[in-house]
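Colleague: Supplied in structure tokens, the structure appears directly below.
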Amino acid sequence: MPSLHTIYASTSGNTEHVVDVLFDHIQETHPEFELSKQRAEEADGKDLLQGDVLLLASSTWNYDAVEGYLNMHMRELLEQRAGDIDLAGRPVALVILGDDRYYYTGRGTERFMQFLMSHNGKSCTMPLIVINDPYGQEGKVKEWGDKLVKQLTINS
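Offset between the sequence shown (1-based) and this note's numbering: plus 6.
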């Protein structure tokens, strides 16, 4: 049975909403899939090795007065607690949120890709990039979820 482990960082609830929509859609269309999720602030390096596919989800933030970083909880996980993890070719899917009021609207995507490249991870599908309020963009999330399901089937 294919499994997806999701680690997400959400402080305003927007990223969590996207993850919840995605999970509800996959559970509705593929109830045989095993889905688990975990908040980034509760995760450590070994958690990135759970499931057939890992999903990382975060918004793009201003951090230390600099634009274009991941949410502080995701950044702390990836740079500190999982800083020495080897993903060993592990398939990873990415969800990133952004706000077009900022110059680096969805730069969190770049931060995730840098992490994957430096830790031997393999992107298994194009990232889901949600710009501005995710409420009202559920169709986009579900459509991307259908593509993710194909990768889950291939990688299980």
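Quick reminder that beta carbons are idealized off the backbone N, C-alpha and C, glycines included.
(1) Please report the residue range of the beta strand (DSSP E) in which glutamate 104 lies.
(2) Which residues does DSSP pair with leucine 10 in a beta bridge?
(3) Considering only C-alpha positions, which residue in the set Leu55, Leu10 and Thr159 is nearest to glycine 95?
(4) Got a sec? Which residues, its chain only, sit under 6 Å from glycine 104 by beta carbon, not counting five neighbours each side?
(5) CB-CB under 6 Å to leucine 28, same chain, minus the five flanking residues each way: which ones, in chain order?
(6) Using 10 angstroms around the beta-carbon of glycine 114, count the other beta-carbons present and answer buried if the total reaches 16, otherwise exposed.
(7) Assuming isoleucine 160 is part of the alpha helix (DSSP H), what are its boundary residues?
(8) Would the beta-carbon of proline 140 fall within 8 Å of that of histidine 23?
(9) To the nearest angstrom, report how far apart serine 124 and isoleucine 13 are at their CA atoms.
(10) Taking only the alpha-carbon atoms, compute the straight-line gap between asparagine 20 and lysine 128 and give it to the nearest angstrom.
(11) Between the Cα of glutamate 149 and the Cα atoms of Ser9, His11, Thr35 and Leu10, which residue gives the shortest distance?
(12) Just how far apart, CA to CA, sit leucine 15 and glutamate 47?
Modeller: So, from the data block:
(1) In the sequence shown, counting from the first residue as 1, residue 104 sits at position 98. Glutamate is not the amino acid found at residue 104; the sequence shown has glycine there. Glycine 104 -> beta strand (DSSP E) spans 97-104.
(2) Translated into positions along the sequence shown, residue 10 becomes position 4. Its beta-bridge partners are Leu41 and Val59.
(3) The residue labelled residue 95 in the question sits at position 89 within the sequence shown. Cα-wise, what sits closest to glycine 95 is Leu55.
(4) What you label residue 104 is simply residue 98 of the sequence shown in a count that begins at 1. Result list for glycine 104: Thr66, Thr111, Gly112 and Ile137, in chain order.
(5) For the purposes of this step, residue 28 is taken as residue 22 along the sequence shown, with counting starting at 1. Val147 and Gly151.
(6) As a first step, residue 114 is located in the sequence shown; it is residue number 108 there, counting from the start. By the 10 Å Cβ count, glycine 114 comes out buried.
(7) Residue 160 sits at position 154 when you count from the first residue of the sequence shown. Segment 144-160, the alpha helix (DSSP H) holding isoleucine 160.
(8) As a first step, residue 140 must be located in the sequence shown, where it is residue number 134. As a first step, residue 23 must be located in the sequence shown, where it is residue number 17. Taking 8 Å as the Cβ cut-off, proline 140 and histidine 23 qualify as a contacting pair.
(9) Residue numbering aside, residue 124 sits at position 118 when the sequence shown is read from its first letter. Residue numbering aside, residue 13 sits at position 7 when the sequence shown is read from its first letter. So the two alpha carbons sit approximately 18 Å from each other.
(10) What you label residue 20 is simply residue 14 of the sequence shown in a count that begins at 1. What you label residue 128 is simply residue 122 of the sequence shown in a count that begins at 1. One C-alpha to the other measures close to 26 Å.
(11) Counting from 1 along the sequence shown, the entry for residue 149 is found at position 143. Comparing Cα positions, the closest option is Thr35.
(12) As a working note, residue 15 is residue 9 in the sequence shown. As a working note, residue 47 is residue 41 in the sequence shown. The sequence as given places alanine at residue 15; leucine does not occur at that position. Rounded to the nearest angstrom, the two C-alpha atoms are 7 Å apart.
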